[in-house]
Amino acid sequence: MAIKNKKGVFFTFMAILVVSVLVLSFSSDVYVTSKNKIPILKSRVKTADNYLRNLETSYLKTSLYTSSYNALKSIILYINQTDFLADENDLNSKFEEILLNGSINGENIKTKYNINLMEENTFIYRLEDIENMSQDVLHITTSFDKDNINTLIFQSNDTGPWQVGVNLTVNYSVDAGIALWNKTKTISIVISIFGFDDPLYLINPDVPYFHPIKETPFNDTEWNVSTLNEHIANATYRHESNESTEHSPSYLMRFYNNTSPSLCCGIESMINETLSDERYKSYVDYCFWSDECEGYGVWLYNITGITTPSYPFKLDAYHVAQYNMTKEAVIS
Amino acid sequence: MINNILRMHKKAYFFTLDAFIATSIIVIGISLILFARTNKPYEMQTAFLSQDVIDTASSIKIYEVSDNEYVNNLTADGNITNTQNTVLEQVGEFCFKGMNSTAGNFTEKVFLRIIPLEYNFQLLIKDGSNILFNYTKGKGMETSRVLISSKNIIFGQINDSTMWGPYTSEVITWQ
Chain A
1227 MAIKNKKGVF FTFMAILVVS VLVLSFSSDV YVTSKNKIPI LKSRVKTADN
1277 YLRNLETSYL KTSLYTSSYN ALKSIILYIN QTDFLADEND LNSKFEEILL
1327 NGSINGENIK TKYNINLMEE NTFIYRLEDI ENMSQDVLHI TTSFDKDNIN
1377 TLIFQSNDTG PWQVGVNLTV NYSVDAGIAL WNKTKTISIV ISIFGFDDPL
1427 YLINPDVPYF HPIKETPFND TEWNVSTLNE HIANATYRHE SNESTEHSPS
1477 YLMRFYNNTS PSLCCGIESM INETLSDERY KSYVDYCFWS DECEGYGVWL
1527 YNITGITTPS YPFKLDAYHV AQYNMTKEAV IS
Chain B
15 MINNILRMHK KAYFFTLDAF IATSIIVIGI SLILFARTNK PYEMQTAFLS
65 QDVIDTASSI KIYEVSDNEY VNNLTADGNI TNTQNTVLEQ VGEFCFKGMN
115 STAGNFTEKV FLRIIPLEYN FQLLIKDGSN ILFNYTKGKG METSRVLISS
165 KNIIFGQIND STMWGPYTSE VITWQ
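Which chain is which? The protein sequence lines are A and B, in order.
Residue numbers for the first sequence follow my numbering, beginning at 1227 and rising by one.
Residue numbers for the second sequence follow my numbering, beginning at 15 and rising by one.
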């Protein structure tokens, strides 16, 4: 009988043991902890991934666009207060310095030239803003290598005559704790030049003349006295779309007073009555202020229907043909 | 003999009691497990909702809610200038322009369509620590047992020369 009693106790302990193991195995702590980790990690990776994508496709591009737009406006105001830039390299280095730091030759453009367009608008300011914000809001550490940023402002067949391109290359890292990205990114944007002032008109006249870029509505088959008059009155610009080598300079070349031809991006306007004088020059803007068109023919021509005593408008032989003025041209 | 019978009776009673205790332990154990498990999805749902709301508002563009009459009117009036903005960016842009009452109406008309009725929520737009915009739907935020917050960074462009942000957008949901 004693043995049988011991068996009963044994089975009771066995039952308690089995139930205890079951309860422990499925206890809420163990179950929920492991189950909950998955969505948290997934959410963290997703947040970091969304942030990185947003940074690359949107934030850096928007920042570069607005900063470049203001930098280009600033450099025009700087030219207006000083003089033409030295050359293409000078344009690039000054544009880069304004874009990144809002300064020229190490001096703040607001303090030195009273140009405040870059105030809280420099590209570096934007980078610092997002570095702080990503840390504070998402607990993601973003770090840009601000000492090694390369920029280039250009016009080419890709941009065409009415836009300028800006390329910027920057190295950066994004550390989300569970994942780290080290990247080198080249950001490219294009800015329309419509509305930007032409530096040739700012420096060449005795008093700066604000002559914003507007495209003529006429194509090269539509020129006659009437359309040319409208072109002059509306102060519009024409891009030469033919294969000739006597093209006008591009918009960016006008920043450093280079009047040599730009095959991809040359644009030209006509000197209006306000700026006209008695000089014996073709009234195409770059010809009027340089010797670039000296080789375009010995004679200059008055144009019947445009030239008047108060407006001694003249064209060189090349442009007489370009604007279809052969019948109206009279040797001046 | 009588003693033996009494012993036999005691044994049956003992085993009945034993079975009862074992059953009770199992029932209590299972109840504990079920109680613990049923509580969790409640929290997770609220957490997912908060994240889902901010993800949705960060990805749906204005032109995609063109069936909303209020949004159409804002576009026609020129208050919404870029229909490529996301819904959250549009709220940020209203805040940047100081159009907080328009931002409030816009939030009410657009956000309430994507949040289930039984949930309450708050949308905050902050510039650093400065709260630019606060929209709250529902009460009991202070006493809620489960309060989940999800954040995102928003920014945008007004015109060629002006960029706003980055701002913090925060969605808080509770039941």
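Glycine included, C-beta positions come from ideal geometry on N, C-alpha and C.
Handout entry: Collapsed DSSP secondary structure at residue 1308 of chain A in the structure displayed
Key = Within the first sequence, residue 1308 of chain A is the residue found at index 82, counting from 1. If DSSP states are grouped into helix, strand and coil, residue 1308 of chain A belongs with coil.
Problem - The alpha helix (DSSP H) enclosing residue 1563 of chain A, as first and last residue numbers - result: Given that chain A is displayed from residue 1227 to residue 1558, the structure contains no residue 1563 of chain A and the question cannot be resolved.
Handout entry: chain A within 7 Å of residue 139 of chain B, Cβ atoms only
Key = If you number the second sequence from 1, residue 139 of chain B lands on position 125. At least 7 Å separates the CB of residue 139 of chain B from every CB of chain A.
Handout entry: Per DSSP, cross-strand counterpart(s) of residue 161 of chain B
Key = Numbered from its first residue, the second sequence carries residue 161 of chain B at position 147. BP columns for residue 161 of chain B point to B/188.
Practice task
State yes or no: is the beta carbon of residue 55 of chain B nearer than 7 Å to at least one beta carbon in chain A?
Solution key: Taking the second sequence and counting its residues from 1, the one referred to as residue 55 of chain B is at position 41. With a pLDDT of 47 at residue 55 of chain B, under the threshold of 50, the predicted position of this residue should be treated as unreliable, though the coordinate-derived value follows. Closer than 7 Å: no.
Exercise for the section: Go through its chain and collect everything with a Cβ distance to residue 1413 of chain A's Cβ below 7 Å, but skip five positions before and after it. Expected result: The residue given as residue 1413 of chain A occupies position 187 in the first sequence. Only 1286, 1287, 1290, 1394 meet the Cβ criterion.
Practice task
Report yes or no: is there a C-beta of chain A within less than 7 Å of the C-beta of residue 37 of chain B?
Solution key: As a working mapping, residue 37 of chain B is identified with position 23 in the second sequence. No, because no Cβ of chain A sits closer than 7 Å to the Cβ of residue 37 of chain B.
Exercise for the section: Count the C-beta pairs between the segment 1443 to 1460 of chain A and the segment 1476 to 1490 of chain A that are closer than 8 Å, then say yes if the count reaches three, no if not. Expected result: no
Handout entry: Terminal residues of the beta strand (DSSP E) in which residue 1349 of chain A lies
Key = Sequence index remark: in the first sequence, residue 1349 of chain A carries index 123 (1-based). Unbroken run through residue 1349 of chain A is the alpha helix (DSSP H), 1349 to 1359; no beta strand (DSSP E).
Exercise for the section: Assess, as a yes-or-no matter, whether the segment 1351 to 1368 of chain A is touched by the segment 1385 to 1394 of chain A under the definition of 3 or more beta carbon pairs within less than 8 Å. Expected result: no
Exercise for the section: Going by CA-CA distance only, name the one from A/1518, A/1330, A/1550, A/1355 that's closest to residue 1529 of chain A. Expected result: Residue 1529 of chain A sits at position 303 when you count from the first residue of the first sequence. Comparing alpha-carbon positions, the option among A/1518, A/1330, A/1550, A/1355 lying closest to residue 1529 of chain A turns out to be A/1550.
Handout entry: Amino acids of chain A, ordered along the chain, whose beta-carbon sits closer than 7 Å to that of residue 40 of chain B
Key = Along the second sequence, one-based indexing puts residue 40 of chain B at 26. Per Cβ cutoff of 7 Å: 1245.
Practice task
Evaluate the contact criterion for the segment 1396 to 1410 of chain A versus the segment 1338 to 1346 of chain A: three or more CB pairs, one atom per stretch, below 8 Å.
Solution key: no
Exercise for the section: Just grab the DSSP bridge partners of residue 139 of chain B for me. Expected result: As a working mapping, residue 139 of chain B is identified with position 125 in the second sequence. According to the DSSP secondary-structure assignment, residue 139 of chain B is paired through a beta bridge with B/147, B/183.
Practice task
Just the chain A side, please: which residues come within less than 8 Å of residue 60 of chain B by C-beta, in chain order?
Solution key: Numbered from its first residue, the second sequence carries residue 60 of chain B at position 46. In chain order: nothing, as chain A lies at least about 13 Å away.
Practice task
Would you mind working out which of B/153, B/181, B/87 sits nearest residue 116 of chain B, comparing C-alpha positions?
Solution key: Taking the second sequence and counting its residues from 1, the one referred to as residue 116 of chain B is at position 102. Taking only the C-alpha atoms, the option nearest residue 116 of chain B is B/87.
Handout entry: Cutoff 7 Å: residue 177 of chain B Cβ touching any chain A Cβ
Key = Position 163 of the second sequence holds residue 177 of chain B. By this cut-off, residue 177 of chain B is an interface position.
Problem - Beta carbon of residue 182 of chain B nearer than 7 Å to that of residue 64 of chain B - result: Within the second sequence, residue 182 of chain B is the residue found at index 168, counting from 1. Within the second sequence, residue 64 of chain B is the residue found at index 50, counting from 1. Their beta carbons are not under 7 Å apart, which means residue 182 of chain B does not touch residue 64 of chain B by this criterion.
Practice task
Within 10 angstroms of the Cβ of residue 55 of chain B, are there 16 or more other Cβ atoms? Answer buried if so, exposed if not.
Solution key: The residue you call residue 55 of chain B lines up with position 41 of the second sequence. Low per-residue confidence applies at residue 55 of chain B: pLDDT is 47, beneath 50, and the placement is therefore not dependable, though the value from the model is reported in the following sentence. Answer is exposed; the Cβ neighbour count stays below 16.
Exercise for the section: Take the Cβ of residue 1279 of chain A as the centre, count every other Cβ of all protein chains shown within 10 Å, and call the residue buried at 16 or more, exposed below. Expected result: Along the first sequence, one-based indexing puts residue 1279 of chain A at 53. With fewer than 16 Cβ atoms within 10 Å of its Cβ, residue 1279 of chain A is classed as exposed.
Problem - DSSP bridge partner residues for residue 1296 of chain A (one or two, in chain order) - result: Counted from its first residue, the first sequence places residue 1296 of chain A at position 70. According to DSSP, residue 1296 of chain A bridges with nothing at all.
Exercise for the section: Would you mind telling me which residues of chain A sit closer than 8 Å to residue 29 of chain B, beta carbon to beta carbon, in chain order? Expected result: Here residue 29 of chain B refers to the residue found at position 15 of the second sequence. Chain A residues near residue 29 of chain B: 1234.
Practice task
State yes or no: is the C-beta of residue 1525 of chain A within less than 7 Å of the C-beta of residue 1557 of chain A?
Solution key: Reading the first sequence from its first residue, position 299 is the one you call residue 1525 of chain A. Reading the first sequence from its first residue, position 331 is the one you call residue 1557 of chain A. Closer than 7 Å, so yes.
Handout entry: residue 1321 of chain A and residue 1379 of chain A closer than 7 Å at C-beta
Key = In the first sequence, counting from the first residue as 1, residue 1321 of chain A sits at position 95. In the first sequence, counting from the first residue as 1, residue 1379 of chain A sits at position 153. Cβ distance < 7 Å, so residue 1321 of chain A and residue 1379 of chain A count as in contact.
Handout entry: Proximity of residue 1307 of chain A and residue 1277 of chain A at Cβ, strictly below 7 Å
Key = Taking the first sequence and counting its residues from 1, one reaches residue 1307 of chain A at position 81. Taking the first sequence and counting its residues from 1, one reaches residue 1277 of chain A at position 51. No, they are not a contact pair.
Practice task
Work out the CA separation of residue 1358 of chain A and residue 1348 of chain A for me, nearest whole Å.
Solution key: Taking the first sequence and counting its residues from 1, one reaches residue 1348 of chain A at position 122. Taking the first sequence and counting its residues from 1, one reaches residue 1358 of chain A at position 132. Using only the alpha carbons, I get a separation of about 16 Å.
Exercise for the section: Give a yes or no on whether the minimum CB-CB distance between residue 185 of chain B and chain A is below 7 Å. Expected result: Counting from 1 along the second sequence, the entry for residue 185 of chain B is found at position 171. By this cut-off, residue 185 of chain B is not an interface position.
Problem - Whole-angstrom distance between residue 171 of chain B and residue 1430 of chain A, CA atom to CA atom - result: On the first sequence, position 204 is the one that residue 1430 of chain A refers to. On the second sequence, position 157 is the one that residue 171 of chain B refers to. Cα to Cα, residue 1430 of chain A sits roughly 35 Å from residue 171 of chain B.
Problem - Three CB pairs or more closer than 8 Å across the segment 65 to 82 of chain B and the segment 139 to 146 of chain B - result: With the cut-off at 8 Å, the segment 65 to 82 of chain B and the segment 139 to 146 of chain B do not touch.
Problem - chain B contact residues for residue 1496 of chain A, given Cβ-Cβ distances below 9 Å - result: Working through the first sequence from its first residue, we reach residue 1496 of chain A at position 270. Within chain B, no residue comes near residue 1496 of chain A; the closest Cβ sits about 27 Å away, beyond 9 Å.
Exercise for the section: Return the Cβ separation of residue 1295 of chain A and residue 174 of chain B in integer angstroms, given the expectation that the two are a contact with Cβ distance under 8 Å. Expected result: Translated into the one-based positions of the first sequence, residue 1295 of chain A becomes position 69. Translated into the one-based positions of the second sequence, residue 174 of chain B becomes position 160. Confirmed, Cβ separation roughly 5 Å.
Handout entry: Residue from A/1421, A/1368, A/1476 with nearest C-alpha to residue 1407 of chain A
Key = The residue labelled residue 1407 of chain A in the question sits at position 181 within the first sequence. Answer by Cα proximity: A/1368.
Practice task
Taking residue 1367 of chain A as part of the beta strand (DSSP E), name the residues at either end of that continuous run.
Solution key: Taking the first residue of the first sequence as position 1, residue 1367 of chain A is located at position 141. 1367 to 1370 is the span of the beta strand (DSSP E), which, as asked, contains residue 1367 of chain A.
Practice task
With distances taken Cα to Cα, identify the nearest neighbour of residue 156 of chain B among B/135, B/166, B/75, B/169.
Solution key: Locating residue 156 of chain B in the second sequence gives position 142, counting from the first residue. Nearest of B/135, B/166, B/75, B/169 to residue 156 of chain B, Cα basis: B/135.
Problem - Run of the beta strand (DSSP E) containing residue 1389 of chain A, from where it starts to where it stops - result: For the purposes of this step, residue 1389 of chain A is taken as the residue at position 163 of the first sequence. First-last of the beta strand (DSSP E) with residue 1389 of chain A: 1389 to 1401.
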